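**Student:** The following block contains the structure, expressed as structure tokens.
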Amino acid sequence: MSTLHVLSHSPFGDDRLNSCLRIIGNADALLLSGDAAYALQPGTAPFNALQSRQVKLFILTEDAQARAIEIPDWAEAIDYPAFVELSIHHDKVNSWL
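Residue numbers 140 to 236, in my numbering, belong to the letters of the sequence shown in order.
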């Protein structure tokens, strides 16, 4: 069973990203939205954690653009219709509120 994990909070304000990375499975995926896009700032601890874990990583394009975040080639930029498709593709969706 696969889970789409959705993070929307800045990784610099709490420990949600680290908690998610501890439990994410091989069949799971992670979607960054809102301020979670800041996790993709190169050279930061969240960036390094995401890069080293090699999770299936997605980011909402408009959230990255709004924050002037460059999307690395190991992450996939998606729009809202693709977000819906990801939600349907996975057995569960877990929003880290």
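Think of the CB as a built atom: it goes at the ideal place given N, C-alpha and C, for glycine as much as any other residue. Nothing here was measured: the structure is a model prediction, and the numbers come from that model.
Enumerate in chain order the residues of its own chain whose CB-to-CB distance from L169 is below 6 Å, with the five nearest sequence positions on each side excluded.
**Tutor:** Taking the first residue of the sequence shown as 1, we reach residue 169 at position 30. Counting only Cβ-Cβ distances below 6 Å, and skipping sequence neighbours, we find H144, V194 and L196.
**Student:** Quick check: the Cα distance between W235 and A207, rounded to an integer number of angstroms?
**Tutor:** Taking the sequence shown and counting its residues from 1, the one referred to as residue 235 is at position 96. Taking the sequence shown and counting its residues from 1, the one referred to as residue 207 is at position 68. Computed Cα separation, rounded: 23 Å.
**Student:** Given a cut-off of 7 Å, decide if I227 and A216 are closer than it, judged by their beta-carbon atoms.
**Tutor:** As a first step, residue 216 is located in the sequence shown; it is residue number 77 there, counting from the start. As a first step, residue 227 is located in the sequence shown; it is residue number 88 there, counting from the start. No, the Cβ-Cβ distance between A216 and I227 is not below 7 Å.
**Student:** Excluding the 5 residues flanking S172 on each side, which residues of the same chain have their C-beta closer than 6 Å to its C-beta?
**Tutor:** Along the sequence shown, one-based indexing puts residue 172 at 33. So the list reads S147, L199 and D202, once near-sequence residues are dropped.
**Student:** Grab the span of the alpha helix (DSSP H) containing L160 for me, first residue to last.
**Tutor:** Within the sequence shown, the letter at position 21 stands for residue 160. Run containing L160: R155 to I162, per the alpha helix (DSSP H) assignment.
**Student:** On a Cα-Cα basis, can you pick out the residue from L156, L179 and R161 that is closest to A209?
**Tutor:** In the sequence shown, residue 209 corresponds to position 70, counting from 1. According to the sequence shown, residue 209 is Glu rather than Ala. Among L156, L179 and R161, the Cα nearest to that of E209 belongs to L179.
**Student:** Cβ of A205 within 7 Å of Cβ of L160?
**Tutor:** Translated into the one-based positions of the sequence shown, residue 205 becomes position 66. Translated into the one-based positions of the sequence shown, residue 160 becomes position 21. Not a contact, by the Cβ cut-off of 7 Å.
**Student:** Since I believe D174 is in contact with S158 (beta carbons under 8 Å), could you give me their beta-carbon distance rounded to a whole number of angstroms?
**Tutor:** To locate residue 158, count along the sequence shown from 1; it is residue 19. To locate residue 174, count along the sequence shown from 1; it is residue 35. Incorrect: roughly 16 Å between the Cβ atoms, too far for contact.
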